[in-house]
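Residue numbers (UniProt numbering): 7 to 337. Ideal Cβ placement from N, Cα and C applies to all residues, glycine included.
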Ligand code: NDP
């Protein structure tokens, strides 16, 4: 069986050379453990951060060790009464074909509701991030104008739709390229789709929302965050979810120079880190699954086939090769 290890820490934009595909043996479970044959694994922007030796908020990936991340699969061996052979579980030992873990670290998921891989996307921490941001950190109120960046991506495509469900009157999305910008409107129900590659985002935003915005879901940082602060209305709210424009930076990235404008607007900027909001999971799965079932919450997946192509999928998600959730299907 195979796993992917981190062979070197990237400097700037990562390349395929930082990964190593290694052969290893299918593990045997000890008492209380299970072995999972992974069927799908997630690649996510945060993984770029965890490759840094000096990442402040997590344990950096170890050199020479397999990478970590969300995965879903089938239990093929079990020495735990709680998680039997045949169960479908999510866990955090992705980047490998077989995972050995304590049964307590696995979550059994209900595949009669949605296909297993949906628990890595809309009904996983990705969808939960959108929901927690818009209910807790930057709550949407009836009639709000909302802007979501990286809106064709995994978190963003769900966030735009959830904002509408929570009462937003107008939802604006931004993404890279004309096809994605159009898709925001045609597939994900945004009122307007901006293309951040077509010109300064601040100018496009002020044209799409001449009266300003009430809520901004920030997946990007940098010029996007600056534009949102400028466009924010009285008592506006920003949810700081990600700053993907800075993840490959090799020098410290300056903050927005208009940060103090938040004061005169009585506005708030709140961070979200999803491990702090897992208590909301049952509520989100119940609501999200119902919306998926009735067809009112749409999601897309960009699927790359085979563990050996997981690095390519990861490099792709940083560059915007995905629409919706980027996933790797394992053989
Ligand atoms: P996405 O599916 O949104 O993929 C990342 C997208 O970012 C790409 O598709 C690309 O889309 C866009 N992008 C890349 N570089 C830039 C840039 N310089 N400017 C603008 N857009 C860019 O990933 P996720 O949905 O998984 O994550 C979205 C964000 O949310 C990330 O910042 C991530 O770190 C963060 N996140 C944070 C969590 C938390 O707990 N705080 C949890 C989950 C995610 P395009 O083609 O449109 O440019």
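Item to complete: State the CB to CB distance for the pair residue 81 and residue 89, rounded to an integer number of angstroms; the pair is presumed to be in contact (CB under 8 Å).
Response: Correct: roughly 6 Å between the Cβ atoms.
Practice prompt. Go to residue 314, then tell me how far its beta strand (DSSP E) extends in each direction, as first and last residue.
Written response: First-last for residue 314: undefined, no H or E at that position.
Item to complete: Just the C-alpha distance for residue 85 and residue 36, rounded to the nearest angstrom, thanks.
Response: Between residue 85 and residue 36, the C-alpha separation is close to 7 Å.
Worksheet item: Span of the beta strand (DSSP E) holding residue 104?
Response: It spans 104-108 - the beta strand (DSSP E) in which residue 104 sits, taken as one unbroken run.
Worksheet item: Are the Cβ atoms of residue 152 and residue 169 separated by less than 7 Å?
Response: Against a cut-off of 7 Å, the Cβ pair of residue 169 and residue 152 comes out as a contact.
Discussion item. Are the CB atoms of residue 198 and residue 219 within a distance shorter than 7 Å?
Written reply: Taking 7 Å as the Cβ cut-off, residue 219 and residue 198 do not qualify as a contacting pair.
Practice prompt. Give the DSSP bridge partners of residue 97, in chain order.
Written response: In the DSSP output, where bridge partners are listed per residue, residue 97 has 77.
Worksheet entry | Residue from 308, 262 and 230 with nearest C-alpha to residue 205 | Nearest of 308, 262 and 230 to residue 205, Cα basis: 230.
Discussion item. Can you determine whether any heavy atom of the ligand NDP sits closer than 6 Å to the C-beta of residue 154, and answer yes or no?
Written reply: The beta carbon of residue 154 sits no closer than 6 Å to any heavy atom of the ligand NDP.
Item to complete: In the DSSP assignment, find the beta strand (DSSP E) that holds residue 376 and state where it starts and stops.
Response: No answer is possible for residue 376: it lies beyond the span of the chain, which begins at 7 and ends at 337.
Fill in: Through-space distance from residue 12 to residue 69, alpha-carbon basis
Their Cα atoms are separated by approximately 5 Å.
Discussion item. Considering only DSSP beta bridges, list what residue 342 is partnered with.
Written reply: Since the first residue shown for the chain is 7 and the last is 337, residue 342 is missing from the structure and cannot be characterised.
Discussion item. Quick check on DSSP: helix, strand or coil for residue 171?
Written reply: The answer is helix: DSSP assigns residue 171 an H, G or I state.
Worksheet item: Does the beta-carbon distance from residue 320 to residue 17 come in below 7 Å?
Response: No. Outside cutoff.
Worksheet item: Among the residues of its own chain, which have a CB less than 8 Å from the CB of residue 253, if the five just before and after it don't count?
Response: Cβ within range, chain order: 51, 54, 55 and 324.
Item to complete: Give the range of the alpha helix (DSSP H) segment to which residue 270 is assigned.
Response: Segment 267-270, the alpha helix (DSSP H) holding residue 270.
Worksheet item: So, using beta-carbon positions, are residue 262 and residue 232 closer together than 7 Å?
Response: A Cβ-Cβ contact shorter than 7 Å links residue 262 with residue 232.
Practice prompt. Please go through the same chain and pick out, in chain order, the residues whose beta-carbon is closer than 8 Å to the beta-carbon of residue 278, but skip the five residues on each side of it.
Written response: Cβ neighbours of residue 278 beyond the five flanking positions: 135, 138, 139, 142, 143, 245, 246 and 247.
Worksheet item: Which one of 189, 195, 236 and 222 has the shortest CA to CA distance from residue 212?
Response: Ranking 189, 195, 236 and 222 by CA distance to the CA of residue 212 puts 236 first.
Discussion item. Is any non-hydrogen atom of the ligand NDP found closer than 6 Å to the C-beta of residue 328, if you look at the structure I gave you?
Written reply: Yes; taking the cut-off as 6 Å, the Cβ of residue 328 has a heavy atom of the ligand NDP nearer than that.
Worksheet entry | Three CB pairs or more closer than 8 Å across the segment 97-106 and the segment 28-43 | Short answer: they touch.
Practice prompt. Report the partner residues of residue 198 according to the DSSP bridge assignment.
Written response: Paired residues: 178.
Worksheet item: What do you get for residue 328, buried or exposed, if any count of 16 or more other CB atoms within 10 angstroms of its CB means buried?
Response: By the neighbour-count definition (other C-beta atoms within 10 Å, threshold 16), residue 328 is a buried residue.
Worksheet item: Can you tell me the Cα-Cα spacing of residue 191 and residue 7, whole angstroms?
Response: Taking the straight line joining both Cα atoms gives about 43 Å.
Item to complete: Look at the alpha carbon of residue 5 and the alpha carbon of residue 227, and state the distance between them as a whole number of angstroms.
Response: Since the first residue shown for the chain is 7 and the last is 337, residue 5 is missing from the structure and cannot be characterised.
Discussion item. For a quick check, are the C-beta atoms of residue 155 and residue 225 less than 7 Å apart?
Written reply: Taking the C-beta atoms as reference points, residue 225 is found nearer than 7 Å to residue 155.
Worksheet item: In terms of DSSP beta bridges, what is residue 287 paired with?
Response: Residue 287 is not bridged to any residue.
Worksheet item: Tell me which same chain residues have a C-beta within less than 8 Å of the C-beta of residue 201, skipping the five on either side of it?
Response: If we look at residue 201 and ignore the five residues flanking it on each side, its Cβ neighbours are 180, 181, 182, 183, 184, 186, 187 and 210.
Discussion item. Let's see if you can read the secondary structure: which residues bound the beta strand (DSSP E) around residue 222?
Written reply: Residues 219-224.
Worksheet item: Going by the C-beta, is residue 137 closer than 6 Å to any heavy atom of the ligand NDP?
Response: No; taking the cut-off as 6 Å, the Cβ of residue 137 has no heavy atom of the ligand NDP nearer than that.
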